[in-house]
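Just so you know, the protein sequences line up as chains Y and A, in that order. To convert, take the position in the first sequence, counting from 1, and add 34; that gives this note's numbering. To convert, take the position in the second sequence, counting from 1, and add 68; that gives this note's numbering. No residue lacks a Cβ here, since even glycine has one placed at the ideal position from N, Cα and C. The model shown is predicted, which means the values in this text are computed figures rather than measured ones. Report on one structure; see the data block that follows.
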Amino acid sequence: MKKTIFSFIVLAALLLQPAAAAESITLSNGLKVILNPDRSAGIIALAVFVRAGSAYETPADSGTANLAFAMITRGTKTRSAEELAAATEALGVSIAASSGEDHSVISMVSTEKTFAEGSAVLFDMLLNPVFPEAELSKIKKVAISGLKAEKDDNFSYTLKRLKALMFKGDSYALDPLGTEENIAGVTSSVLSAFYSRNFTAGRICLSVSGSFDKGAMTALLEKSLSVIPAGGQFVKPQSAASAEAESFASEKMKKNQAVVMTGFFAPEFASADYPALKLLSSVLGGGMSSKLFSTLREKEGLAYSIGTIYPSRAKTCAFIFYAGTRKENIERIKQGFLDTAVNAGKPGYITEKELADAKNLLVGQFRLDHQTNADRARYLGWFELSGPGFGYDAAYPEAVKAVTLEEVSKAAVKYLVQPKTFVLDNE
Amino acid sequence: MKISDKIAGVIAAGFIMLAGTSLFAAEDFVKSTEPGKNGIVKLVLRNGATVLTKEIQNGLVSFQVWFRTGSRDEEENNSGISHFIEHLIFKGSASSGVSGLSRLIEGRGGNLNGATSKDFTNFHFETAKEHFYVSLDGMLDCLANPAFDEKEIEKERKVVIEEIVRGDDDPGRKIYEELFKLSYPSHPYRREVIGTKEVLEKLTRADITAYYSARYSPERMIIVGAGDFKTAEFVSALEKHFPAGLGKPLTEGLRKKASFAPGRKEFTGNYGQGYYGSAWLGPAADNSDTYAMDLLVTLLGSGRSSRLYSKLKEKEQLCYSLDMGYSTMRDEGLVYVTAELPPDSRAMFDKRLLEELKDVCINGVVEKDFAKAKAILENSYIFSHETDGQMAGDLGYNEAIINYEFGQDYLENVRKVTAADLKLVAAKYLSGVPASVALIPADK
Numbered sequence: 035m036k037k038t039i040f041s042f043i044v045l046a047a048l049l050l051q052p053a054a055a056a057e058s059i060t061l062s063n064g065l066k067v068i069l070n071p072d073r074s075a076g077i078i079a080l081a082v083f084v085r086a087g088s089a090y091e092t093p094a095d096s097g098t099a100n101l102a103f104a105m106i107t108r109g110t111k112t113r114s115a116e117e118l119a120a121a122t123e124a125l126g127v128s129i130a131a132s133s134g135e136d137h138s139v140i141s142m143v144s145t146e147k148t149f150a151e152g153s154a155v156l157f158d159m160l161l162n163p164v165f166p167e168a169e170l171s172k173i174k175k176v177a178i179s180g181l182k183a184e185k186d187d188n189f190s191y192t193l194k195r196l197k198a199l200m201f202k203g204d205s206y207a208l209d210p211l212g213t214e215e216n217i218a219g220v221t222s223s224v225l226s227a228f229y230s231r232n233f234t235a236g237r238i239c240l241s242v243s244g245s246f247d248k249g250a251m252t253a254l255l256e257k258s259l260s261v262i263p264a265g266g267q268f269v270k271p272q273s274a275a276s277a278e279a280e281s282f283a284s285e286k287m288k289k290n291q292a293v294v295m296t297g298f299f300a301p302e303f304a305s306a307d308y309p310a311l312k313l314l315s316s317v318l319g320g321g322m323s324s325k326l327f328s329t330l331r332e333k334e335g336l337a338y339s340i341g342t343i344y345p346s347r348a349k350t351c352a353f354i355f356y357a358g359t360r361k362e363n364i365e366r367i368k369q370g371f372l373d374t375a376v377n378a379g380k381p382g383y384i385t386e387k388e389l390a391d392a393k394n395l396l397v398g399q400f401r402l403d404h405q406t407n408a409d410r411a412r413y414l415g416w417f418e419l420s421g422p423g424f425g426y427d428a429a430y431p432e433a434v435k436a437v438t439l440e441e442v443s444k445a446a447v448k449y450l451v452q453p454k455t456f457v458l459d460n461e
Numbered sequence: 069m070k071i072s073d074k075i076a077g078v079i080a081a082g083f084i085m086l087a088g089t090s091l092f093a094a095e096d097f098v099k100s101t102e103p104g105k106n107g108i109v110k111l112v113l114r115n116g117a118t119v120l121t122k123e124i125q126n127g128l129v130s131f132q133v134w135f136r137t138g139s140r141d142e143e144e145n146n147s148g149i150s151h152f153i154e155h156l157i158f159k160g161s162a163s164s165g166v167s168g169l170s171r172l173i174e175g176r177g178g179n180l181n182g183a184t185s186k187d188f189t190n191f192h193f194e195t196a197k198e199h200f201y202v203s204l205d206g207m208l209d210c211l212a213n214p215a216f217d218e219k220e221i222e223k224e225r226k227v228v229i230e231e232i233v234r235g236d237d238d239p240g241r242k243i244y245e246e247l248f249k250l251s252y253p254s255h256p257y258r259r260e261v262i263g264t265k266e267v268l269e270k271l272t273r274a275d276i277t278a279y280y281s282a283r284y285s286p287e288r289m290i291i292v293g294a295g296d297f298k299t300a301e302f303v304s305a306l307e308k309h310f311p312a313g314l315g316k317p318l319t320e321g322l323r324k325k326a327s328f329a330p331g332r333k334e335f336t337g338n339y340g341q342g343y344y345g346s347a348w349l350g351p352a353a354d355n356s357d358t359y360a361m362d363l364l365v366t367l368l369g370s371g372r373s374s375r376l377y378s379k380l381k382e383k384e385q386l387c388y389s390l391d392m393g394y395s396t397m398r399d400e401g402l403v404y405v406t407a408e409l410p411p412d413s414r415a416m417f418d419k420r421l422l423e424e425l426k427d428v429c430i431n432g433v434v435e436k437d438f439a440k441a442k443a444i445l446e447n448s449y450i451f452s453h454e455t456d457g458q459m460a461g462d463l464g465y466n467e468a469i470i471n472y473e474f475g476q477d478y479l480e481n482v483r484k485v486t487a488a489d490l491k492l493v494a495a496k497y498l499s500g501v502p503a504s505v506a507l508i509p510a511d512k
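Structure representation (structure tokens):
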């Protein structure tokens, strides 16, 4: 019993630092694996990150990655879609695949007990997908209905339109769902070719967090996944975003609510300015004590949802101010956004105390966002694949704490210029 | 499960040693202390408030306050007041000032929020253990001495009206709200938690303060802590926020029996696709059918190989998405099926759904599907109890609607259910005509 108590306390203490125990190994085919043993919950979470998504697509083939990842769980050489679903669900294991912009992910959460059987099914999906036509026709219908339903969500629709405005000529303007025409043209052989191109060791990073033995896990992954071909050298995508893009667009729809989004070009995840911009985003729009929340919502009551978004991306992306409001407030919100952007770089607008609070908030949220094994596996794999490496998961809090007020103001002056605005207006 | 059982044992042992050293607050503050399962301690304070703690040594703490009052306890003329109060609490106490609470907690890296539902109102934060007590003092100060400042009420009124307007544009939410409205002809579950614009425009400061003192009283209060703290210190920290004295006993009945009305409603609007929902009246939380109902809903609608999903979506392709759910609530909650679908397949979807349910009512379920549903339910329970916040939420929610043991004994009770029970529960609850709602795109 004493031994149990001791090991519990030691492992629990590791939680104080996000994934501090993580380390990486490389399989014989070059596939990078991040291992984060953590026995506190009896759960194992595994995430397979693939460098594929709409950022790697063109207007002619957008939507392919989305279909490929929706199909990866729907048929292997030896199991039908139905058999795959029945096999994992009978174990109570959850396997999900989704595609985004910079990367796509196939993830699994299981208990220690069901991991062996669950991962056997997952590896079958990864290694032997067949993309059956009958399943594809179903998935295509769902994707087309998803495109039609985009207008039913005011916020995501406005975001999609703002990106199209800002990133004309760049892959970030593309809808990850694609277009109706593109979706219609995808066949099983298109997906097989996509698979061969993208499922190579150089484009994949796998992360595991939870209750496992490092040696046994390493042996299992080597045995199961070293057959994945090494593939060629991976080339990072380049941004084609241009400051010359139009600065305003709007659309009138029969809705009760209006949405205003103003975007600015901002640097990629690996940029030296990244931590300063994360803090700027936090001060201006991250939480209930932020500048936008306390002025436009708390003082003026102009909006319910309001804030900023600065995503962590592989190439030049958008730093966005957003607000859900009403027709009569659109102009005041637009002006409020522009004033905030201009003021953000002025001395004295952000105080040392606000910066210190923003640092605590950012680091604190980061820590609170690492509580489940699925969270820890997601962060590690993502940092390795799209950012400065998995080690940044442990280094990030220090990088944030080191930023000075001057660096934040400089970042505001440098990046919060040439605003582009999209308004979802009411008829 | 073995590991977590061991962990629970360790914490329980630690607690008993502490209690033996009499670190507890004065006896006139705590009325009773009761160590429960899995390291949970339940205390009842002399003022009537319930305190639940679970110590987990992981560097973080989740603190939650649940009030057994929500839109269920409102009337037509103050519909939405609980939700409005929830917003106003974050506007600070007489001494903290506006945004004082969010600055206090977020400035130390924590997060905070609140939620109002039909059965409860909830306030919570999560933070690193070193900031726990200062955050707790801030939140309890706002709850004990809310400012309800006249000017802030006016501003927040606009914000909540924005929230109502925003919700009107969301088809998923509309289906849900319309199902409740249609299903309950008289029970207060029929009203939206957020209330109506008309009522909100009229609520005065006097209405708010009177309602707050009447409903947000210690005897309806459940205080939950899960994470890295010691129960004895935690209880001492609570003491200064509550005036001494005995609480009033709860005089109202805990249950209001709900009746159900089947019916159909259609709305045509500017939608990109069709949306559908059907609902039946399910068992209330205090009814032991609730475990079999959870299993039945899992068997029918959870996962791609579940019965309704595999047939109606995968094989027959009548919809793009399908969800089935059951809200375990204090009074009888709804069992519902929602779907996104092409408008022209709605009639067929409706017909096939009822046929499948009828078949379950008559012929029961297949043993293999039953075993699968149990595996899914058990595992999803484990996956959703990994963080302090999830554990505190489980304790608070269950204590608010029935009692915290409900959550602790949940898996054990689920394991006792047999396949034959599912047939009985299906026949008892899902054999009647449902309440059905559809949203239809205007151009179809």
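Nearest-angstrom Cα separation, counted from A:ALA305 out to A:ALA93: Within the second sequence, numbered from 1, the residue matching residue 93 of chain A stands at position 25. Within the second sequence, numbered from 1, the residue matching residue 305 of chain A stands at position 237. Only weak support exists for where A:ALA93 lies, its pLDDT of 45 falling under 50; the value from the coordinates is given anyway. So the alpha carbons of these two residues sit roughly 9 angstroms apart.
Interface residues of chain Y facing A:ILE450 [CB-CB closer than 9 angstroms]: Translated into the one-based positions of the second sequence, residue 450 of chain A becomes position 382. Those are ALA75, GLY76, ILE77, GLY126 and THR145, listed as they occur along chain Y.
Backbone CA spacing between A:GLY177 and A:PHE302 [nearest angstrom]: Within the second sequence, residue 177 of chain A is the residue found at index 109, counting from 1. Within the second sequence, residue 302 of chain A is the residue found at index 234, counting from 1. Distance between the alpha carbons of A:GLY177 and A:PHE302 is about 20 angstroms.
Burial state of Y:ASN394 (16 or more Cβ within 10 Å): Here residue 394 of chain Y refers to the residue found at position 360 when the first sequence is read from its first residue. Residue burial annotation: Y:ASN394 is buried, with at least 16 other C-beta atoms found within 10 angstroms of its C-beta.
Same chain, Cβ closer than 8 angstroms to A:SER90, five either side skipped, listed in chain order: On the second sequence, position 22 is the one that residue 90 of chain A refers to. Below a pLDDT of 50, predicted positions are generally treated as unreliable, and A:SER90, at 35, falls in that range; no measurement from the model is reported.
Selected residue, minimal CA-CA separation from A:THR121, among A:LYS110, A:ILE232, A:SER504 and A:GLY369: Reading the second sequence from its first residue, position 53 is the one you call residue 121 of chain A. Nearest of A:LYS110, A:ILE232, A:SER504 and A:GLY369 to A:THR121, Cα basis: A:LYS110.
Cα-Cα separation between Y:SER243 and Y:LEU414, rounded to whole angstroms: One-based indexing of the first sequence puts residue 243 of chain Y at position 209. One-based indexing of the first sequence puts residue 414 of chain Y at position 380. Cα to Cα, Y:SER243 sits roughly 9 angstroms from Y:LEU414.
Neighbouring residues, chain Y, relative to A:PRO239 (Cβ below 7 angstroms): Taking the first residue of the second sequence as 1, we reach residue 239 of chain A at position 171. Ordered by position in chain Y, the residues that pass the 7 angstroms Cβ test against A:PRO239 are ASP186.
Y:THR92 versus Y:PRO271, Y:SER222, Y:ALA121 and Y:LEU458, residue with shortest Cα-Cα distance: Along the first sequence, one-based indexing puts residue 92 of chain Y at 58. Checked all of Y:PRO271, Y:SER222, Y:ALA121 and Y:LEU458; the closest Cα to Y:THR92 is Y:PRO271.
Chain A contact residues for Y:GLY321, given Cβ-Cβ distances below 8 angstroms: Residue mapping note: residue 321 of chain Y aligns to position 287 of the first sequence, counting from 1. Under the 8 angstroms cutoff, chain A gives SER170, GLU174 and ASN179.
Three-state class that DSSP yields for Y:SER138 in the structure shown: Residue 138 of chain Y sits at position 104 when you count from the first residue of the first sequence. DSSP places Y:SER138 within a strand segment (E or B) once states are collapsed to three.
Sub-8 angstroms separation of A:ALA353 and A:VAL493 beta-carbons: Numbered from its first residue, the second sequence carries residue 353 of chain A at position 285. Numbered from its first residue, the second sequence carries residue 493 of chain A at position 425. Between A:ALA353 and A:VAL493, the C-beta gap is not smaller than 8 angstroms, which leaves the two residues out of contact.
From A:LEU180, A:CYS210 and A:ALA506, residue whose alpha carbon lies closest to that of A:SER161: Position 93 of the second sequence, counted from the first residue, corresponds to residue 161 of chain A. With distances taken between Cα atoms, A:SER161 lies closest to A:CYS210.
Under 7 angstroms by beta carbon: chain Y residues contacting A:LYS59: The first residue shown for chain A is 69 and the last is 512, placing residue 59 of chain A beyond what the model contains.
Run of the alpha helix (DSSP H) containing Y:ALA435, from where it starts to where it stops: As a position in the first sequence, residue 435 of chain Y is number 401, starting the count at 1. Before going on, a small fix: residue 435 of chain Y reads as Lys here, not Ala. Element bounds for Y:LYS435: 426 to 435.
Alpha-carbon to alpha-carbon, A:GLU473 and A:LYS484: Taking the first residue of the second sequence as 1, we reach residue 484 of chain A at position 416. Taking the first residue of the second sequence as 1, we reach residue 473 of chain A at position 405. Rounded to whole angstroms, A:LYS484 to A:GLU473 spans 16 angstroms at the Cα level.
Buried or exposed (CB count within 10 angstroms, at least 16 for buried), A:PRO286: Mapped onto the second sequence, residue 286 of chain A falls at position 218. In this structure A:PRO286 is buried. Its beta-carbon is surrounded by 16 or more other beta-carbon atoms within 10 angstroms.
Stretch pair the stretch 183 to 194 of chain A + the stretch 452 to 469 of chain A: three plus CB contacts closer than 8 angstroms: They touch, by the three-pair rule.
Pick from A:GLU224, A:LYS308, A:PRO256 and A:MET289 that is closest to A:LEU271, judged by C-alpha positions: Reading the second sequence from its first residue, position 203 is the one you call residue 271 of chain A. With distances taken between Cα atoms, A:LEU271 lies closest to A:GLU224.
Start and end residues, beta strand (DSSP E) containing A:THR101: By one-based count along the second sequence, residue 101 of chain A stands at place 33. Segment 98 to 103, the beta strand (DSSP E) holding A:THR101.
Three-state secondary structure (DSSP) of Y:GLY152: Along the first sequence, one-based indexing puts residue 152 of chain Y at 118. Helix, per DSSP.
Three-state secondary structure (DSSP) of Y:GLN399: Locating residue 399 of chain Y in the first sequence gives position 365, where the first residue counts as 1. Helix.
A:GLN132 - partner residues in DSSP beta bridges: For the purposes of this step, residue 132 of chain A is taken as the residue at position 64 of the second sequence. Answer is A:HIS192 and A:VAL292.
Stretch-stretch touch, CB-based, cutoff 8 angstroms, three pairs: the stretch 220 to 232 of chain Y with the stretch 156 to 176 of chain Y: The stretch 220 to 232 of chain Y, when compared against the stretch 156 to 176 of chain Y, does touch it at the 8 angstroms Cβ threshold.
Close beta carbons around A:LEU318, own chain, < 6 angstroms, minus the five adjacent residues each side: For the purposes of this step, residue 318 of chain A is identified with residue 250 of the second sequence, where counting begins at 1. Here the set comprises GLU287.
Burial state of A:ASP399, where buried means 16 or more other Cβ atoms lie within 10 Å: If you number the second sequence from 1, residue 399 of chain A lands on position 331. Burial check for A:ASP399: the Cβ neighbour count within 10 Å reaches 16 or more, so the residue is buried.
For A:ALA294 and A:SER327, the rounded distance between their alpha carbons: As a position in the second sequence, residue 327 of chain A is number 259, starting the count at 1. As a position in the second sequence, residue 294 of chain A is number 226, starting the count at 1. So the two alpha carbons sit approximately 37 angstroms from each other.
Among A:GLU231, A:SER170, A:LEU322 and A:GLY345, nearest to A:THR137 - alpha-carbon criterion: Position 69 of the second sequence, counting from 1, holds the residue named residue 137 of chain A. Ranking the options by Cα distance to A:THR137, first place goes to A:LEU322.
Cutoff 8 angstroms; reference A:PHE135; Cβ partners in own chain excluding five residues on either side: For the purposes of this step, residue 135 of chain A is identified with residue 67 of the second sequence, where counting begins at 1. PHE188, THR189, ASN190, ARG283, TYR284, ARG288, MET289, ILE290 and ALA468, listed in sequence order.
Reference Y:THR145, options Y:THR406, Y:LYS257 and Y:VAL457, closest by Cα: Within the first sequence, residue 145 of chain Y is the residue found at index 111, counting from 1. Comparing Cα positions, the closest option is Y:THR406.
Where the beta strand (DSSP E) through Y:GLU285 begins and ends: Looking up residue 285 of chain Y in the first sequence gives position 251. Note, Y:GLU285: beta strand (DSSP E), 282 to 287.
As assigned by DSSP and simplified to three states, the class of Y:PHE327: As a first step, residue 327 of chain Y must be located in the first sequence, where it is residue number 293. Helix.
Close Cβ partners of A:LEU367 (< 8 angstroms) along its chain, the five nearest in sequence each way excluded: Position 299 of the second sequence holds residue 367 of chain A. Counting only Cβ-Cβ distances below 8 angstroms, and skipping sequence neighbours, we find SER374, ARG375, VAL433, ASP437, PHE438, LYS440, ALA441 and LEU490.
Collapsed DSSP secondary structure at A:TYR497 in the structure displayed: Taking the first residue of the second sequence as 1, we reach residue 497 of chain A at position 429. If DSSP states are grouped into helix, strand and coil, A:TYR497 belongs with the helices.
Residue environment, Y:GLN291, which counts as buried when at least 16 other CB atoms sit within 10 Å: Indexing the first sequence from 1 puts residue 291 of chain Y at position 257. The residue is buried, with at least 16 neighbouring Cβ atoms inside 10 Å.
Residue burial classification, Y:THR438 (beta-carbon count within 10 angstroms, cutoff 16): Within the first sequence, the letter at position 404 stands for residue 438 of chain Y. Exposed, since its Cβ has fewer than 16 Cβ neighbours within 10 Å.
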